[in-house]
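Undergrad: Numbering (the working numbering), first residue to last: 350 to 837.
Quick one: structure below, then a few questions.
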């Protein structure tokens, strides 16, 4: 009956979409991209003292009935316009290119896609004051919830009844569960008249449990991928660490030296895709304060090891997030107060594009908003050591039958697949479909999938940290079919 009613109301809803959408936010075109045959919008949503930039793509398939899919990039501090420009948008700029090309695997082929640049201070989102630009996992989630609520009830109320999925990658492994939990609590509050039609979430290579994610699982992954010597791995195993947690004050000098050796053997691996080549800086750059981002991932680790080597006293226990979170999030460089030149061939063209006057004007970015950058490495964000595994457990226990997907590019060294497998196994949820390969329509191996009572876990074979950027066809197949409830 509900399905019949929705079909009857579809023409009226479509008319409402035309009438309700904020015309002042409509994007008619962008340089290097043809005129959009579907609705594209870019604008701002105020939350307290701050202003959040959003970009919205209507579905190319069925705008009225397709779900709304919200996308967050991670960091913390990286712009969700990266998702639009490099990963899941209808036009994408590949690593080796300096201009956009049509992306046949855009996620708005099956969903209405909303990008939110979060927290304020990231990308085109901006804060009214320094005091209002101080964030942590909790208050950033509260702001994200307010943005989504305002978008659904004020900006685009015609999409309020659509199925809603929250998605993202990297540090969005924190963002997505945290804001989803607030949406769940909103729906459980009987005094709230408006209810989200929230169905579930998708997290790609997202940090979840700091016991496993980051350096610890990269040590294990690196061994199985032959990135360092077997003899070194065997010696590290004798150190009796709790899953490669070498921060303990009781760690012997011998074991600390082993970790230093491991660091020296792996520091030049491009951790976001261990089989991609990394362009090393020239000699002058290496000697300057400019450090490639891949190397900066280990900056705190290196400082910790050097301090231990230079000081006979025990090293003060380092905050896990300082060591494995910020420095292990895909572009964070806050530990070095320096301008950094990355060996990323796509960075400069993309930054130049979004700071082009015509692009900014077409996106309705006010002149007083600062220059766009891929990631903001200077704003104040304090991460928690809690991670987000507890929210996965809480959402399953809610009895709302939310659909939860964890997908993982299996050549990512930043949030390795093996670490995700460890925390998922720790949940001890019943296996409904055993781990097996899945194939695309052309019989090409996409990866492996396992269905549990409460979540689906899928790998994307040969993909690094940014799965939709590295494996467009495979991630498109996986996400589209999972959302639509098809057999994968």
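Heads up, the beta-carbon is just placed ideally off N, CA and C, and yes, glycines get one too.
Just the C-alpha distance for residue 771 and residue 586, rounded to the nearest angstrom, thanks.
TA: Between residue 771 and residue 586, the C-alpha separation is close to 17 Å.
Undergrad: Am I right that residue 420 and residue 463 are in contact with their C-beta atoms under 8 Å? What's the rounded C-beta distance?
TA: The pair is a contact, with the Cβ atoms about 7 Å apart (cut-off 8 Å).
Undergrad: Can you find the residues in the same chain that come closer than 7 Å, C-beta to C-beta, to residue 449, ignoring five residues on each side of it along the sequence?
TA: Correct list, in chain order: 381, 382, 440, 441, 442.
Undergrad: Would you please state the rounded distance, in angstroms, between the beta carbons of residue 425 and residue 512? I believe it to be under 8 Å.
TA: Contact doesn't hold; Cβ gap of about 27 Å is too wide.
Undergrad: Using the rule of at least 16 other Cβ atoms within 10 Å of the residue's Cβ for burial, across every protein chain shown, is residue 725 buried or exposed?
TA: When all chains shown are included, residue 725 counts as buried.
Undergrad: My output table needs one value for residue 536: the three-state DSSP class, helix, strand or coil.
TA: Helix at residue 536.
Undergrad: First and last residue of the alpha helix (DSSP H) that includes residue 769?
TA: Per DSSP, residue 769 belongs to the alpha helix (DSSP H) from 766-776.
Undergrad: For the candidate residues 811, 816, 805, 815, whose alpha-carbon lies nearest to that of residue 835?
TA: Out of 811, 816, 805, 815, 805 has the C-alpha closest to the C-alpha of residue 835.
Undergrad: Taking only the alpha-carbon atoms, compute the straight-line gap between residue 517 and residue 773 and give it to the nearest angstrom.
TA: If you take the alpha carbons of residue 517 and residue 773, they lie about 18 Å apart.
Undergrad: Excluding the 5 residues preceding and the 5 following residue 567 in the sequence, name in chain order all residues of the same chain whose CB lies nearer than 6 Å to its CB.
TA: So the list reads 762, 765, once near-sequence residues are dropped.
Undergrad: Excluding five sequence neighbours on each side, which residues of the same chain lie with their C-beta closer than 7 Å to the C-beta of residue 478?
TA: If we look at residue 478 and ignore the five residues flanking it on each side, its Cβ neighbours are 398.
Undergrad: Taking the C-alpha atoms as reference points, what is the distance between residue 714 and residue 553?
TA: Spanning the two alpha carbons is a distance of roughly 29 Å.
Undergrad: Below 8 Å between beta carbons: does that hold for residue 408 and residue 460?
TA: Contact flag set, yes.
Undergrad: Would you mind listing the beta strand (DSSP E) stretches within the stretch 547-592 that are 3+ residues and don't spill past its ends, in chain order?
TA: Listed in chain order, they are 547-553.
Undergrad: How would you call residue 746, buried or exposed, if buried means at least 16 neighbouring beta carbons within 10 angstroms?
TA: Burial call: exposed.
Undergrad: When you compare the CB positions of residue 576 and residue 610, do they come within less than 8 Å of one another, or not?
TA: No, these two residues do not count as a Cβ contact at 8 Å.
Undergrad: Output the distance between the C-alpha atoms of residue 794 and residue 387, rounded to the nearest integer angstrom.
TA: Going from the Cα of residue 794 to the Cα of residue 387 covers about 32 Å.
Undergrad: Out of 558, 769, 495, which one is the CA nearest neighbour of residue 465?
TA: Among 558, 769, 495, the Cα nearest to that of residue 465 belongs to 495.
Undergrad: Which residues share a DSSP beta bridge with residue 807?
TA: Bridge partners of residue 807: 756, 798.
Undergrad: Check the DSSP bridge columns for residue 724 and list the partner residues they point to.
TA: The partner list for residue 724 (beta bridge, DSSP) reads 427.
Undergrad: In terms of alpha-carbon separation, which member of 422, 510, 491, 475 lies closest to residue 412?
TA: Of 422, 510, 491, 475, the residue nearest in Cα terms is 510.
Undergrad: Return the chain-ordered list of same chain residues with a C-beta closer than 6 Å to the C-beta of residue 816, the five sequence neighbours on each side being excluded.
TA: For residue 816, where only same-chain residues beyond five positions count, the Cβ hits under 6 Å are 553, 758, 809, 824.
Undergrad: How would you call residue 593, buried or exposed, if buried means at least 16 neighbouring beta carbons within 10 angstroms?
TA: Residue 593 is buried by the Cβ-count criterion.
Undergrad: With distance defined between alpha-carbon atoms, name the residue in 786, 792, 536 nearest to residue 751.
TA: Checking every option, the nearest Cα to that of residue 751 belongs to 536.
Undergrad: Could you give the DSSP three-state label for residue 384: helix, strand or coil?
TA: Here residue 384 sits in coil by DSSP.
Undergrad: If we count the other Cβ atoms within 10 Å of its Cβ and call it buried at 16 or more, is residue 780 buried or exposed?
TA: The residue is exposed, with fewer than 16 neighbouring Cβ atoms inside 10 Å.
Undergrad: Using only CA atoms, which one of 422, 370, 813 lies nearest to residue 623?
TA: It is 813 whose Cα lies nearest to the Cα of residue 623.
Undergrad: With C-beta atoms as the reference, is residue 544 less than 8 Å away from residue 394?
TA: Contact: no.
Undergrad: Which class does residue 719 belong to by DSSP, given the choice of helix, strand or coil?
TA: Reduced to three states, the DSSP call for residue 719 is coil.
Undergrad: Which one or two residues does DSSP pair with residue 391 in a beta bridge?
TA: The partner list for residue 391 (beta bridge, DSSP) reads 404.
Undergrad: Quick one: using the 10 Å Cβ neighbour count with 16 as the cut-off for buried, is residue 720 buried or exposed?
TA: Residue 720 comes out exposed.
Undergrad: Could you check if residue 579 is buried or exposed, using at least 16 other CB atoms within 10 Å of its CB as the buried criterion?
TA: Residue 579 comes out exposed.
Undergrad: How should residue 833 be labelled, buried or exposed, when 16 other C-beta atoms within 10 angstroms of its C-beta is the threshold for buried?
TA: That one is exposed.
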